[in-house]
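Asker: Residue numbers (the working numbering): 165 to 439.
Where is the CB? At the ideal position from N, CA and C, for every residue including glycine.
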């Protein structure tokens, strides 16, 4: 298997709801109202900031699951988690990994971030461009993370974004939460070519974990077409679960992606090392 790259033998693809306002109700009555058999309902409205901070703290800002397993629906659901990364005149791709109260965490390939500087920025699905700080890159896998302060966004805007939904690896989970079987349908998003007209690129899972000599590690291996700029973008199953991060491709339409499990592990390592 030959992977194209100018420096090596493989190709990196770098070149080139809204949540509803929460209303909480408390039912209560005073002694006189109770005696009269009356019940009064006190309704308290929350602000958009409270909505966002509460949802982020509870981890509720996650892409919706396409319950029926329809790829078209899943594609529409994950767009709010997809971003384009601009570095040194080139575009790569990425995903919203976590939405925290004060920071949005972006994950992409390490080779996309190798020239990250003060002129680099991230473009979200709605066209908003934002600068960020490089949190760190993994020494074990081709991935890294960018942190973007939420202070530069309105809370209404933040509530339209979502972080990726990572497929679980538990045998007793429902079908839409399991890692898909070999041969199942998957898709990617080309948002790097034009952020305002993202394109779905479909493929087929060959193996969720396969040792690939060119990467010297276990990768998600699939068949499908990918083009320049898609490196760092998500690989999703038909339910919209995030399976991994697209990293390389061949002329024979072979795809390699960093598995989601590896990304989770490396994020924890990077954060713990910074503390």
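Look up residue 385 in the DSSP assignment and give the residues it is bridged to.
Answerer: On the chain shown, position 221 is the one that residue 385 refers to. 371 and 420.
Asker: Tell whether a beta-carbon distance below 9 Å holds between residue 210 and residue 305.
Answerer: As a working note, residue 210 is residue 46 in the chain shown. As a working note, residue 305 is residue 141 in the chain shown. For residue 210 and residue 305, no; Cβs fall outside 9 Å.
Asker: Using the C-alpha atoms, what's the distance from residue 245 back to residue 423?
Answerer: One-based indexing of the chain shown puts residue 423 at position 259. One-based indexing of the chain shown puts residue 245 at position 81. Each residue's alpha carbon lies about 17 Å from the other.
Asker: Residue 327 and residue 411: beta carbons closer than 9 Å?
Answerer: Translated into positions along the chain shown, residue 327 becomes position 163. Translated into positions along the chain shown, residue 411 becomes position 247. No.
Asker: Please determine if the stretch 369–386 and the stretch 240–258 are in contact, where contact requires at least 3 C-beta pairs separated by less than 8 Å.
Answerer: No, they do not touch.
Asker: Report yes or no: do the stretch 231–246 and the stretch 375–383 share at least 3 C-beta pairs separated by less than 8 Å?
Answerer: No, the stretch 231–246 does not touch the stretch 375–383.
Asker: Helix, strand or coil for residue 325? Go by DSSP, reduced to three states.
Answerer: Sequence index remark: in the chain shown, residue 325 carries index 161 (1-based). Note: residue 325 maps to coil in three-state DSSP.
Asker: Going by the DSSP bridge assignment, what does residue 257 pair with across the sheet?
Answerer: Position 93 of the chain shown holds residue 257. Residue 257 pairs with 248.
Asker: Please report the straight-line C-alpha distance between residue 347 and residue 319, rounded to a whole angstrom.
Answerer: For the purposes of this step, residue 347 is taken as the residue at position 183 of the chain shown. For the purposes of this step, residue 319 is taken as the residue at position 155 of the chain shown. Going from the Cα of residue 347 to the Cα of residue 319 covers about 41 Å.
Asker: How is residue 354 classed by DSSP in three states: helix, strand or coil?
Answerer: In the chain shown, the residue the question calls residue 354 occupies position 190. Residue 354 falls in the strand class under three-state DSSP.
Asker: Whole angstroms are fine: how far does the CA of residue 307 sit from the CA of residue 354?
Answerer: On the chain shown, residue 354 is found 190 positions in, with the first residue counted as 1. On the chain shown, residue 307 is found 143 positions in, with the first residue counted as 1. Approximately 18 Å between the Cα atoms of the pair.
Asker: Within 10 angstroms of its Cβ, does residue 301 collect 16 or more other Cβ (buried), or is it exposed?
Answerer: Walking along the chain shown from the start, residue 301 turns up at place 137. Buried is the call here.
Asker: Any idea what DSSP makes of residue 214, helix, strand or coil?
Answerer: Against the chain shown, residue 214 aligns to sequence position 50. Three-state DSSP puts residue 214 in a helix.
Asker: Can you name the residues that DSSP bridges to residue 400?
Answerer: Locating residue 400 in the chain shown gives position 236, counting from the first residue. Paired residues: 351 and 406.
Asker: Taking its Cβ as the centre, do 16 or more other Cβ atoms sit within 10 Å of residue 445, making it buried, or is it exposed?
Answerer: The requested residue 445 is not part of the displayed model; the chain covers only 165 to 439.
Asker: Need the endpoints of the alpha helix (DSSP H) that residue 309 sits in, please.
Answerer: Looking up residue 309 in the chain shown gives position 145. Counting along the chain, residue 309 falls outside any alpha helix (DSSP H), though it belongs to the beta strand (DSSP E) covering 308–313.
Asker: To the nearest angstrom, report how far apart residue 316 and residue 292 are at their CA atoms.
Answerer: Taking the chain shown and counting its residues from 1, the one referred to as residue 316 is at position 152. Taking the chain shown and counting its residues from 1, the one referred to as residue 292 is at position 128. Between residue 316 and residue 292, the C-alpha separation is close to 10 Å.
Asker: Suppose you measure from the CA of residue 358 to the CA of residue 222; what does that come to, to the nearest Å?
Answerer: Residue 358 sits at position 194 when you count from the first residue of the chain shown. Residue 222 sits at position 58 when you count from the first residue of the chain shown. Answer to the nearest angstrom: the Cα atoms are 33 Å apart.
Asker: Using the three-state DSSP reduction, which class does residue 376 fall into: helix, strand or coil?
Answerer: As a first step, residue 376 is located in the chain shown; it is residue number 212 there, counting from the start. Of the three classes helix, strand and coil, the one that applies to residue 376 here is strand, per DSSP.
Asker: Can you tell me where the alpha helix (DSSP H) holding residue 231 begins and where it ends?
Answerer: On the chain shown, position 67 is the one that residue 231 refers to. Segment: none, residue 231 is in no alpha helix (DSSP H) and carries neither H nor E.
Asker: Here's a check: name, in chain order, each residue in its chain whose Cβ is nearer than 7 Å to the Cβ of residue 262, leaving out the five neighbours to either side.
Answerer: Locating residue 262 in the chain shown gives position 98, counting from the first residue. 269 and 327, listed in sequence order.
Asker: In whole angstroms, what separates the C-alpha of residue 351 from that of residue 229?
Answerer: Residue mapping note: residue 351 aligns to position 187 of the chain shown, counting from 1. Residue mapping note: residue 229 aligns to position 65 of the chain shown, counting from 1. If I take the Cα positions, the gap works out to 14 Å.
Asker: Check for me: the beta strand (DSSP E) holding residue 298 runs from which residue to which?
Answerer: Mapped onto the chain shown, residue 298 falls at position 134. Note, residue 298: beta strand (DSSP E), 297–301.
Asker: Alpha carbons only, please: which of 217, 283 and 224 is nearest the one belonging to residue 444?
Answerer: Residue 444 falls outside the range modelled here, since the chain spans only 165 to 439, and no answer is possible.
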